[in-house]
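Written out below as structure tokens is the structure these notes cover.
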Amino acid sequence: MEAFLDALTLQAGYNAALVAIGAALLGFAAGTAGSFLFLRKRALVSDAVAHATLPGVGIAFLIMVALGGEGRSLIGLLLGSALSAWIGLLLVEWIAHRTRLAEDAAIGAVLSVFFGFGVVLLTVIQTLDRGRQAGLEDFLLGSTAGMLLQDAQIIAIGGALVVAAIWVLRRPMTLVSFDAGYAAAMGVDTRRVDLAMMGLVMAVTVIGLKLVGLILIVALLIIPAVTARFWTNRVERVLWAAGAIGGVSGYVGAALSASAPDLPTGPIIVLIAAALFALSLLLAPARGVLAASLAHRRFQRRVHRRQGLLALVRGEPIHDPLTLRILRAEGLIRADGVATDKGRAHAAKIARDERRWDIARRVHQDTSLTGRYDGLTPIEDVFTADQIADFDARLGPPQPVGF
Amino acid sequence: MPEVLTLAARDGQATGPEADPSSPLALRGLTVSYGEKPALFSVDATFPAGAMSAIIGPNGAGKSTLLKASLGLIPRVSGQVTVFGQPLAAARDRIAYVPQRASVDWDFPTTVIDVVLMGRYRKLGLFGRVSRAERALATEALARVGMDAFAGRQIGQLSGGQQQRVFLARALAQEADLYLLDEPFAGVDAATERAIIDLLKELKAQGKSVIAVHHDLSTVTAYFDHVFLVNVRAMAEGPVDTTFTPSALAETYGGRLAATQLADLALTVG
Amino acid sequence: MGVEFVQFSLTPILIGVLAAVACALPGNFLILRRQALIGDAISHVVLPGIVVAFLITGTVAAIPMLLGAGAAALVAVVLIEAIRRLGGIEPGAAMGVVFTALFAGGVLLLEQSDTSGVHLDVEHALMGNLETLIWLRAEGWSSLIDPVALAGLPPELPRMGFVAGSIAVLTWVFWRPLKLSTFDEGFAQAIGLPVSAIGLGLVVTAAVAAVAAFDAVGSIIVIAMFICPPAAARLMTDSLSAQVWWSVFFAILSAIAGYVLAGYGPIWLGFSNSVSAAGMIATISGAILGLACLFGPRRARVGVSAGA
Numbered sequence: 008m009e010a011f012l013d014a015l016t017l018q019a020g021y022n023a024a025l026v027a028i029g030a031a032l033l034g035f036a037a038g039t040a041g042s043f044l045f046l047r048k049r050a051l052v053s054d055a056v057a058h059a060t061l062p063g064v065g066i067a068f069l070i071m072v073a074l075g076g077e078g079r080s081l082i083g084l085l086l087g088s089a090l091s092a093w094i095g096l097l098l099v100e101w102i103a104h105r106t107r108l109a110e111d112a113a114i115g116a117v118l119s120v121f122f123g124f125g126v127v128l129l130t131v132i133q134t135l136d137r138g139r140q141a142g143l144e145d146f147l148l149g150s151t152a153g154m155l156l157q158d159a160q161i162i163a164i165g166g167a168l169v170v171a172a173i174w175v176l177r178r179p180m181t182l183v184s185f186d187a188g189y190a191a192a193m194g195v196d197t198r199r200v201d202l203a204m205m206g207l208v209m210a211v212t213v214i215g216l217k218l219v220g221l222i223l224i225v226a227l228l229i230i231p232a233v234t235a236r237f238w239t240n241r242v243e244r245v246l247w248a249a250g251a252i253g254g255v256s257g258y259v260g261a262a263l264s265a266s267a268p269d270l271p272t273g274p275i276i277v278l279i280a281a282a283l284f285a286l287s288l289l290l291a292p293a294r295g296v297l298a299a300s301l302a303h304r305r306f307q308r309r310v311h312r313r314q315g316l317l318a319l320v321r322g323e324p325i326h327d328p329l330t331l332r333i334l335r336a337e338g339l340i341r342a343d344g345v346a347t348d349k350g351r352a353h354a355a356k357i358a359r360d361e362r363r364w365d366i367a368r369r370v371h372q373d374t375s376l377t378g379r380y381d382g383l384t385p386i387e388d389v390f391t392a393d394q395i396a397d398f399d400a401r402l403g404p405p406q407p408v409g410f
Numbered sequence: 028m029p030e031v032l033t034l035a036a037r038d039g040q041a042t043g044p045e046a047d048p049s050s051p052l053a054l055r056g057l058t059v060s061y062g063e064k065p066a067l068f069s070v071d072a073t074f075p076a077g078a079m080s081a082i083i084g085p086n087g088a089g090k091s092t093l094l095k096a097s098l099g100l101i102p103r104v105s106g107q108v109t110v111f112g113q114p115l116a117a118a119r120d121r122i123a124y125v126p127q128r129a130s131v132d133w134d135f136p137t138t139v140i141d142v143v144l145m146g147r148y149r150k151l152g153l154f155g156r157v158s159r160a161e162r163a164l165a166t167e168a169l170a171r172v173g174m175d176a177f178a179g180r181q182i183g184q185l186s187g188g189q190q191q192r193v194f195l196a197r198a199l200a201q202e203a204d205l206y207l208l209d210e211p212f213a214g215v216d217a218a219t220e221r222a223i224i225d226l227l228k229e230l231k232a233q234g235k236s237v238i239a240v241h242h243d244l245s246t247v248t249a250y251f252d253h254v255f256l257v258n259v260r261a262m263a264e265g266p267v268d269t270t271f272t273p274s275a276l277a278e279t280y281g282g283r284l285a286a287t288q289l290a291d292l293a294l295t296v297g
Numbered sequence: 035m036g037v038e039f040v041q042f043s044l045t046p047i048l049i050g051v052l053a054a055v056a057c058a059l060p061g062n063f064l065i066l067r068r069q070a071l072i073g074d075a076i077s078h079v080v081l082p083g084i085v086v087a088f089l090i091t092g093t094v095a096a097i098p099m100l101l102g103a104g105a106a107a108l109v110a111v112v113l114i115e116a117i118r119r120l121g122g123i124e125p126g127a128a129m130g131v132v133f134t135a136l137f138a139g140g141v142l143l144l145e146q147s148d149t150s151g152v153h154l155d156v157e158h159a160l161m162g163n164l165e166t167l168i169w170l171r172a173e174g175w176s177s178l179i180d181p182v183a184l185a186g187l188p189p190e191l192p193r194m195g196f197v198a199g200s201i202a203v204l205t206w207v208f209w210r211p212l213k214l215s216t217f218d219e220g221f222a223q224a225i226g227l228p229v230s231a232i233g234l235g236l237v238v239t240a241a242v243a244a245v246a247a248f249d250a251v252g253s254i255i256v257i258a259m260f261i262c263p264p265a266a267a268r269l270m271t272d273s274l275s276a277q278v279w280w281s282v283f284f285a286i287l288s289a290i291a292g293y294v295l296a297g298y299g300p301i302w303l304g305f306s307n308s309v310s311a312a313g314m315i316a317t318i319s320g321a322i323l324g325l326a327c328l329f330g331p332r333r334a335r336v337g338v339s340a341g342a
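Protein chains in written order, with our numbering: chain F, 8 to 410; chain L, 28 to 297; chain W, 35 to 342.
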């Protein structure tokens, strides 16, 4: 616990502090860039990008060795991974646009084939003299041991650069992810914004490779965005909330991981993000499962109650068992189905409102009514008291409602 | 449903809301919602047998939703559907359905005749051999829509009107008594529209019932016998002559029907 | 093509072929349903499945591993469906959340269990070990009719054979409802087909294929087998049955060519060591898809101008 607190307050050594800051920046960048993908309904493109880094790592290593180097330079490996990720991304777009295959098939094909080819290269590297110490497996699942100072610096600086880039791009980015057609009409070059965002996704992936590995970096691009979506309907808020969720997951995860030997950074960060997601899925106020199912039940009861009362107005028998149950529970009908005094009173109010609506629809044949006469919207919500008084004045003697 | 029987018996109300068993499609208190907003609210409808009925209303009024909920394709919040006096599940063999053309991927790897044979699935089952008689029936259905020359064609090569004819041929192959069509004239050429309406009238002449979601108000009186006006709630229902009136349309469409359109309609409706 | 081939190459090739075919068959329908990535999601959760199975049973025996992987696949499918429906999240994002979270859990558990002494090999789970599925007891082609030698077959072979055979039979039996509900779900439902059950059945079948194939070819390369042969086949023909046959052909071709190239290619080039067979199979299947994208007779989307 103490070790965890030390790490949280950046007291667990210079490297660990750098990694924690880097992870927070990376998480923030991943959350915002990932929201963009998510809002554009292309979340899993990140999966293709991430898996497509593997052959680049392998080829970069082979080239560096062939040039007489050690092959372990992180910068070199990351450049290689960025290049092959970019090629993978272009291939996804090319397949999805130039052939009849849909984007999901293109993503799956690119990610698996690039990964497969990467595995072939890894087996080649393992047979080299210097290959055994390459530590390239770290790129699959993230670094499990402590990190070198240089690696930690790259993560921190890279994370800061990506966050800065997102800050610069925030306007066009929110515009395009809110409504690409509108953004285009406003003169935003959506294709360039898309490309820039893809570039950021790629940058996040590449920087995150050493920290969380190519399989789990996808989680940082997807989970915060989906989580944020439960809390707000507004685009900018989704972007920044996702950034915050990603940043917190990254920071806390890196700190937790630094505090104990058996806690690999990548999985811990992802699991913290996943826990935030699960909580949001269940408990978020408007869109959470709990709130939504309660709201649905309330809605269903309202519909049945209203339909039951309308049936009473028209003197029709009620068929639906749920309607009967609800009316009985509220004391609106007796056990044998005949309306009580209270039921009759409620029905009379509904009958009056229905007659008011009839008048209102005849008087107001304009857009103010559009979609409002849906059986549930109270007439008081649509018209002012004066207008309703006017309808009442026009109401003739009581008449049978219905067709 | 003993509850309904006792209620009806006690109150002495045998008429009115009880579903008419001769009606090909009767809805009682049908409510469907997307989220918290009713798409249809407590809709009652009784479509007449042996007639051509149009479901009419503005965009977003729940026309297609009504068809889909009637077929059990989307869940309903409340309400009952009866088909020829039976629950839906017991009457599936008697219904043919023509979905919106745009609802499927026309790039799907299959041929025209294969699509029409899909209409025979309930007869063929998993292993039933596609006999010469079945194939002849499918070919005849294609001939009736003027598409027999296209039997072996890949469906992606068809024009919009031809796609619609193939869907109609599939419905014909179902040999049903009730035909439910979702916007059958949307985006088709004039010749196809003519061919489809002739065919539907032919079906009617054979005593079949046709119910179509319809958009074009100018053709309603020429094509249909019966109209059902809907805008979330049922607005009016009855024979075209008495129900399809400018005032009923104005109520159904609210502000969405321009005054000029209404004036034009007043001329066509008379 | 002598004793050595039968001992060291015959069984891996057969297993590779069976795995590729078992995945390609459901893959055809997944691609047409725009669900290609369900294979991706399922195969990623194989790892947590085998880790949990290992933690529970304490062994690395095949049956508990397969059961664990299968259970994880089912859990993933249920979770994806639940998140999609309850949370109103689009399927791709729901998949992304579920498989990455489960995968992270698997890696964490694995790290925690490493101290127990038994080493569970992540690389094999991810990359496969097709090369090790050899038939040492074989003494040549005659061993194919020798019961003693046959008893020494790697158990993966009959297992994969059973799974591939079952999937072929299922595909044949449910051909009509699968085709109908894939083409026009609304119509299928209207004529009373249980479309949800058909969809679930397809996904479960894919999960079974992925689980059976993972210990031969690794859980990630399985995705290539789900997608590449059917996707390439999609670009060859406009008939579903022809597409399925093409996909089987491409799957077999990828498996054989991939294995042979991995085993003998480096030697032809003068190197002494072979490379990952599973990786090479994925690479070949990708090359076939690439060629189909460039030259496949039906590569263009019908009704839409190319490049639109």
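Backbone N, C-alpha and C fix where the C-beta goes; we use that ideal spot for every residue, glycine too. Values in this document were obtained by computation on a predicted structure and should not be read as measured data.
Assigned secondary structure, residue i (DSSP; H/G/I helix, E/B strand, else coil)
i               : result
I225 of chain W : coil
E144 of chain F : coil
T149 of chain W : Note that T149 of chain W has pLDDT 44, beneath the 50 cutoff, so the model's placement of it is unreliable and no number is given.
A70 of chain W  : coil
V99 of chain F  : helix
R47 of chain F  : coil
A81 of chain L  : strand
K235 of chain L : coil
D218 of chain W : coil
A22 of chain F  : Inspection of the sequence shows that residue 22 of chain F is occupied by Asn rather than by Ala. Helix, per DSSP.
R341 of chain F : coil
P46 of chain W  : helix
T58 of chain L  : strand
Under 9 Å by beta carbon: chain L residues contacting residue i
i               : result
A224 of chain W : K95, L98, G99, L100, R119, I122, A123, Y124, P126 and L207
V310 of chain F : T58, S60, P65, F68, S69, V104 and S105
V207 of chain W : L153 and F154
With 16 other Cβ atoms within 10 Å as the buried cut-off, status of residue i
i               : result
S230 of chain W : exposed
L12 of chain F  : exposed
V126 of chain F : buried
I230 of chain F : buried
A249 of chain L : exposed
I90 of chain W  : exposed
Y258 of chain F : buried
A110 of chain W : buried
Proximal residues of chain F, C-beta to C-beta of residue i below 7 Å
i               : result
M12 of chain W  : No information on residue 12 of chain W is available, as it lies outside the stretch 35 to 342 that chain W covers here.
Q107 of chain L : H326
heavy atom of the ligand MG below 7 Å from residue i C-beta
i               : result
A285 of chain W : This structure does not include the ligand MG; it has no bound ligands of any sort.
Proximal chain L residues relative to residue i, where beta-carbon distance stays under 7 Å
i              : result
V55 of chain W : None at all; the shortest Cβ gap to chain L is about 19 Å.
8 Å Cβ cut-off: residues of chain F touching residue i
i               : result
V259 of chain L : G378, Y380, D381 and G382
T317 of chain W : V120, G123, F124 and V127
Neighbouring residues, chain L, relative to residue i (Cβ below 8 Å)
i               : result
F306 of chain F : S60, E63 and V104
T271 of chain W : P136
Beta-carbon neighbours of residue i, restricted to chain W and to distances below 7 Å
i               : result
V131 of chain L : F217 and D218
Contact list for residue i against chain W, beta-carbon separation under 9 Å
i               : result
I164 of chain F : Here the premise fails: no neighbours, minimum Cβ distance about 26 Å.
CA nearest to the CA of residue i, picked from the options
i               : options                  : result
G123 of chain F : F:D111, F:T60 and F:T181 : F:T60
Return the chain-ordered ranges of every beta strand (DSSP E) run that is complete within the region 95-149 of chain L and spans a minimum of 3 residues. 105-110 and 122-125, all fully within the region 95-149 of chain L.
Completely contained alpha helix (DSSP H) runs for the region 174-216 of chain F, where each covers 4 or more residues: Runs of the alpha helix (DSSP H) lying entirely within the region 174-216 of chain F, each at least 4 residues long, are 177-185 and 187-192 in chain order.
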